[in-house]
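Participant: Be aware that the sequence shown starts at 337, since it is given in the numbering used here, and climbs by one per residue. Using N, Cα and C, we set each Cβ at its ideal position, and we do this for glycine too. Following this message is one structure expressed as structure tokens.
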Amino acid sequence: MSNNELFKTIEAQGRLITELREENELLRKEFNEFKVLSERLVDYLEPHEEDHYEECVASDIDVSEHIMNVIKEVKTIIK
């Protein structure tokens, strides 16, 4: 392999590394945004859900039905 070909290969790998770093940074930012939104959602639901869950258990209401209702509520919130 000539020096010119080797230089082109190294240059191409450098561009690829730069692109991967940029993509990684975008993913990191998106994950951070998802984390913040998830925390807000939990903060919104948690105060009410803990009491409501305990009420369901105390009154023998099907907990799986309660969970499905929470999922439906979450879907309406995030739309």
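With DSSP as the reference, label residue 404 as helix, strand or coil.
Facilitator: Against the sequence shown, residue 404 aligns to sequence position 68. Helix, per DSSP.
Participant: Please report the distance separating the alpha-carbon of residue 346 from that of residue 359.
Facilitator: Reading the sequence shown from its first residue, position 10 is the one you call residue 346. Reading the sequence shown from its first residue, position 23 is the one you call residue 359. Roughly 20 Å between the two C-alpha positions.
Participant: Looking at residue 410 and residue 356, is the spacing between their C-beta atoms short of 8 Å?
Facilitator: For the purposes of this step, residue 356 is taken as the residue at position 20 of the sequence shown. For the purposes of this step, residue 410 is taken as the residue at position 74 of the sequence shown. No. Outside cutoff.
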